[in-house]
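Student: One structure, pasted below without further comment.
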Amino acid sequence: MPERAPASFPREREAEVIVVGGGPAGSTVATTLAEAGHRVLLLDKAAFPRHKACSEYINPAAAQLLGQLGLGDDILRAGAHRMAAMLVHAPDGRRFVADFARAEPGQAAFGLSRYRLDHLLLERAKAAGVTVRERAHVRQVVREGGRVVGVAATINGDREWLRSSLVIGADGHNSVVSRELGLDTTVRWPRKTGLVAHYRGVTGLVRSGEMHVASGLYAGLAPLEDGLTNVAVVAGGHAVTARSGSIEAFFTESLRAIPAVARKLDGAERVGGIRGAGAMARRARRTAGAGYLLIGDAASFLDPFTGDGIYEALRAAQLAAPVASVALRAGDTSAVALDPYRIARRRAFTAKRHVCWIVQGFIHAPPLMNYVTARLSRREELALTLSGVLGNFYPASQALSPRFLARLLRP
Ligand SMILES: Cc1cc2nc3c(=O)[nH]c(=O)nc-3n(C[C@H](O)[C@H](O)[C@H](O)COP(=O)(O)OP(=O)(O)OC[C@H]3O[C@@H](n4cnc5c(N)ncnc54)[C@H](O)[C@@H]3O)c2cc1C
1 MPERAPASFP REREAEVIVV GGGPAGSTVA TTLAEAGHRV LLLDKAAFPR HKACSEYINP
61 AAAQLLGQLG LGDDILRAGA HRMAAMLVHA PDGRRFVADF ARAEPGQAAF GLSRYRLDHL
121 LLERAKAAGV TVRERAHVRQ VVREGGRVVG VAATINGDRE WLRSSLVIGA DGHNSVVSRE
181 LGLDTTVRWP RKTGLVAHYR GVTGLVRSGE MHVASGLYAG LAPLEDGLTN VAVVAGGHAV
241 TARSGSIEAF FTESLRAIPA VARKLDGAER VGGIRGAGAM ARRARRTAGA GYLLIGDAAS
301 FLDPFTGDGI YEALRAAQLA APVASVALRA GDTSAVALDP YRIARRRAFT AKRHVCWIVQ
361 GFIHAPPLMN YVTARLSRRE ELALTLSGVL GNFYPASQAL SPRFLARLLR P
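This note's numbering numbers the first residue of the sequence shown as 1 and each following residue consecutively.
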């Protein structure tokens, strides 16, 4: 990354804020800043609508945030499938119901393809006054005197240098902004690969989605719009790279190996290809610094099992926007001025992250997963607490209290 902008780097700002990436995080922060009166340019390398490797499960708290953005009716019109509960199956076949509606009336998760969801969010950003440039691939972050002052992007085949007071990296799992700033860290565990596809004709999913934990992998089923179902397999990265056959064979054999999933897929047909993402867990060393913020997956992501990704992307955008707005109005986008975002993230996400690590421990140890699932299936009050925590509408601290953990684990 150049420490100095090239001589040709414009002196005039293209926008107050450049947002790199138009997924849920980028579109949402761009919308919120534009509505606060800021001049925002959003760059995305894709042309929308576009698919994204994702299980396409919108957890209850994410659904609420979409409602706050004024998109509640739009996602229903787009065909979002309402899920009052998530059924979590242990390797021995026992199951626990994360019943959101029973934990708190009115709570529900939704299934909607990212093809539709992300397009709605990007259109919302345009309507709020954001300048959106698609097929705009950011290649470099430009720094001057130790602070970020803009980006270089390939747009329609031409290299463009763009200056701004603030760059927000919302460019997902392989964030170029994080990489260019030297903020990527190596997450050694878990190292998993996620594979997803759409199916038509999956039976038995009406008011819930399903997770099935098996030895070395798990599968997810989420009903979507138009009778489609998102089918996902998440396995150790090594198991995927060391497979003997094709990805397609690995995917279908993994699903066949879980009898309850195989039964639901019997007679169903796959629509379109298999999409995937490897080494999914990531974390940036810092999420705020002189002239930049990182949000969504560009900042961190652990694993799709708990369905937190879209929620965290929307929530991080909601936390970043007011900090950015105050800094821009004050004409001070220094590391100190932007630091409140880092603190707000810690408050918002740390406890849930600990819950997610505990869940990772369970799904990696089949006997423990069997044991905990059996306990949850017999103790409704524990199951309801965990439902609210997994859905992010109860504080995560409730599932970390010694009392809760003792009642969950006590033989
Ligand atoms: C297999 C799998 C299953 C998942 N299932 C779920 C689930 O069911 N529920 C859930 O909540 N979360 C799930 N997640 C996580 C979820 O997909 C992410 O957390 C979420 O997409 C993060 O949103 P984002 O806006 O940060 O990034 P993204 O959605 O990845 O958006 C990033 C955008 O940046 C653009 N971009 C990237 N690089 C550049 C560049 N250099 N220049 C310009 N543009 C760029 C991309 O085109 C993209 O549009 C899953 C993830 C995986 C891998």
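Don't be surprised by glycine CBs; every beta carbon is placed ideally from N, CA and C.
(1) Which residues mark the beginning and the end of the beta strand (DSSP E) in which P223 is found?
(2) So which of A316, F110, S300, D184 has the shortest CA-CA distance to G79?
(3) Is there contact here, the region 39–57 with the region 9–23, by at least three beta-carbon pairs under 8 Å?
(4) Between A125 and ligand 1, is the CB less than 7 Å from at least one heavy atom?
(5) Figure out for me which residue from G289, R179, D73 has the closest Cα to the Cα of Y341.
(6) Tell me which residue opens and which closes the beta strand (DSSP E) that M211 is part of.
(7) Where does H238 land, buried or exposed, given buried means 16+ other C-beta within 10 angstroms?
(8) Determine whether the beta carbon atoms of A383 and F96 lie at a separation below 8 Å.
(9) Can you tell which of A7, T32, A53, A25 has its C-alpha closest to the C-alpha of G276?
(10) Quick one: does the C-beta of C356 sit closer than 7 Å to a heavy atom of ligand 1?
(11) Strictly by DSSP, which residues pair up with N230?
(12) Could you tell me the distance, in whole angstroms, from the CA atom of A324 to the CA atom of A281?
(13) When you compare only the Cα positions, how much space is there between L409 and T373?
(14) Just to check, is the beta-carbon of G296 closer than 7 Å to a non-hydrogen atom of ligand 1?
(15) Please determine whether the Cβ atom of N156 lies at a distance below 7 Å from any heavy atom of ligand 1.
(16) Taking A84 and S165 to be in contact with their CB atoms under 8 Å, please state how far apart those CB atoms are, rounded to whole angstroms.
(17) So if DSSP puts Q140 in a beta bridge, which residue, or which two residues, is it bridged to?
(18) How many angstroms separate the CA atom of L338 from the CA atom of L293?
(19) With DSSP as the reference, identify every bridge partner of Y292, one or two as the case may be.
(20) How would you label T31, buried or exposed, when you count the other beta carbons within 10 angstroms and need 16 or more for buried?
(21) Could you check how far apart the C-beta atoms of G291 and T333 are, in whole angstroms? I think they sit under 8 Å.
(22) To the nearest angstrom, report how far apart R139 and R403 are at their CA atoms.
(23) Could you name the residues of the same chain whose beta carbon sits closer than 6 Å to that of T131, not counting the 5 residues immediately before and after it, in chain order?
(24) Helix, strand or coil for E35 per DSSP?
(25) Beta-carbon within less than 6 Å of V176's beta-carbon, same chain only, minus the 5 sequence neighbours each way: which residues are those?
(26) A223: buried (16+ other C-beta within 10 angstroms of its C-beta) or exposed?
(27) Are there 16 or more other CB atoms within 10 angstroms of the CB of Q68, so buried, or fewer, so exposed?
(28) How close, in whole Å, do the beta carbons of L117 and I75 come, if the pair is a contact with beta carbons under 8 Å?
(29) Output needed for A136: all residues of its chain with C-beta closer than 6 Å, excluding positions within five of it in sequence on either side, in chain order.
(30) Taking all protein chains shown into account, decide if E380 is buried (16 or more other Cβ within 10 angstroms of its Cβ) or exposed.
(31) Taking the alpha-carbon positions, what's the R286 to G169 distance?
(32) Please classify I343: is it buried, with 16 or more other beta-carbons within 10 angstroms of its beta-carbon, or exposed?
(33) Could you give the first and the last residue of the continuous alpha helix (DSSP H) run that contains E248?
(34) Looking at the secondary structure, which residues open and close the beta strand (DSSP E) in which R403 lies?
(35) Would A321 and A36 be called neighbours here (beta carbons separated by less than 8 Å)?
(36) Buried or exposed: which applies to P10, given that a residue is buried once 16 or more other Cβ atoms fall within 10 Å of its Cβ?
Tutor: By the coordinates alone:
(1) Counting from 1 along the sequence shown, the entry for residue 223 is found at position 223. Segment 217–223, the beta strand (DSSP E) holding P223.
(2) Reading the sequence shown from its first residue, position 79 is the one you call residue 79. Of A316, F110, S300, D184, the residue nearest in Cα terms is F110.
(3) yes
(4) Taking the sequence shown and counting its residues from 1, the one referred to as residue 125 is at position 125. It does not: the Cβ of A125 is nowhere closer than 7 Å to a heavy atom of ligand 1.
(5) The sequence position of residue 341 within the sequence shown is 341, counting from 1. The candidate whose alpha carbon is nearest that of Y341 is G289.
(6) Numbered from its first residue, the sequence shown carries residue 211 at position 211. Where M211 is concerned, the enclosing beta strand (DSSP E) stretches over 208–214.
(7) Along the sequence shown, one-based indexing puts residue 238 at 238. Exposed is the call here.
(8) Translated into positions along the sequence shown, residue 383 becomes position 383. Translated into positions along the sequence shown, residue 96 becomes position 96. Contact: yes.
(9) Numbered from its first residue, the sequence shown carries residue 276 at position 276. For the residues A7, T32, A53, A25, the minimum Cα distance to G276 belongs to A53.
(10) The residue you call residue 356 lines up with position 356 of the sequence shown. C356: no, Cβ never under 7 Å from ligand 1.
(11) The count along the sequence shown starts at 1 and reaches residue 230 at position 230. According to DSSP, N230 bridges with H198, A222.
(12) For this step, residue 324 is matched to residue 324 along the sequence shown. For this step, residue 281 is matched to residue 281 along the sequence shown. Roughly 26 Å between the two C-alpha positions.
(13) Here residue 409 refers to the residue found at position 409 of the sequence shown. Here residue 373 refers to the residue found at position 373 of the sequence shown. In a straight line, the C-alpha of L409 is about 10 Å away from that of T373.
(14) Taking the sequence shown and counting its residues from 1, the one referred to as residue 296 is at position 296. Yes.
(15) Position 156 of the sequence shown, counted from the first residue, corresponds to residue 156. False, no ligand heavy atom lies under 7 Å from that Cβ.
(16) To locate residue 84, count along the sequence shown from 1; it is residue 84. To locate residue 165, count along the sequence shown from 1; it is residue 165. Not a contact, Cβ separation roughly 45 Å.
(17) Against the sequence shown, residue 140 aligns to sequence position 140. Q140 pairs with A152.
(18) Within the sequence shown, the letter at position 338 stands for residue 338. Within the sequence shown, the letter at position 293 stands for residue 293. Their backbone Cα atoms lie some 8 Å apart in a straight line.
(19) Taking the sequence shown and counting its residues from 1, one reaches residue 292 at position 292. DSSP output for Y292 lists V167, G289 as bridge partner(s).
(20) One-based indexing of the sequence shown puts residue 31 at position 31. It counts as buried.
(21) To locate residue 291, count along the sequence shown from 1; it is residue 291. To locate residue 333, count along the sequence shown from 1; it is residue 333. Sure, about 5 Å apart at Cβ, within 8 Å.
(22) Indexing the sequence shown from 1 puts residue 139 at position 139. Indexing the sequence shown from 1 puts residue 403 at position 403. About 50 Å.
(23) As a working mapping, residue 131 is identified with position 131 in the sequence shown. For T131, where only same-chain residues beyond five positions count, the Cβ hits under 6 Å are L41.
(24) The sequence position of residue 35 within the sequence shown is 35, counting from 1. Of the three classes helix, strand and coil, the one that applies to E35 here is helix, per DSSP.
(25) Numbered from 1 along the sequence shown, position 176 holds the residue referred to as residue 176. The residues are V138.
(26) The sequence position of residue 223 within the sequence shown is 223, counting from 1. Ala is not the amino acid found at residue 223; the sequence shown has Pro there. When all chains shown are included, P223 counts as buried.
(27) Translated into positions along the sequence shown, residue 68 becomes position 68. With fewer than 16 Cβ atoms within 10 Å of its Cβ, Q68 is classed as exposed.
(28) Within the sequence shown, the letter at position 117 stands for residue 117. Within the sequence shown, the letter at position 75 stands for residue 75. About 7 Å separates the two Cβ atoms, so the contact holds.
(29) What you label residue 136 is simply residue 136 of the sequence shown in a count that begins at 1. For A136, where only same-chain residues beyond five positions count, the Cβ hits under 6 Å are L43, A153, I155.
(30) Taking the sequence shown and counting its residues from 1, the one referred to as residue 380 is at position 380. Exposed, since its Cβ has fewer than 16 Cβ neighbours within 10 Å.
(31) As a working mapping, residue 286 is identified with position 286 in the sequence shown. As a working mapping, residue 169 is identified with position 169 in the sequence shown. Those two C-alpha atoms are separated by around 12 Å.
(32) Reading the sequence shown from its first residue, position 343 is the one you call residue 343. Looking at its Cβ environment, which holds fewer than 16 other Cβ atoms inside 10 Å, I343 is exposed.
(33) Counting from one through the sequence shown, the residue named residue 248 turns up at place 248. Run containing E248: 247–256, per the alpha helix (DSSP H) assignment.
(34) Position 403 of the sequence shown holds residue 403. R403 -> not in any beta strand (DSSP E); alpha helix (DSSP H) instead, spanning 402–409.
(35) What you label residue 321 is simply residue 321 of the sequence shown in a count that begins at 1. What you label residue 36 is simply residue 36 of the sequence shown in a count that begins at 1. Against a cut-off of 8 Å, the Cβ pair of A36 and A321 comes out as a contact.
(36) As a working note, residue 10 is residue 10 in the sequence shown. Its Cβ having fewer than 16 others within 10 Å, P10 is exposed.
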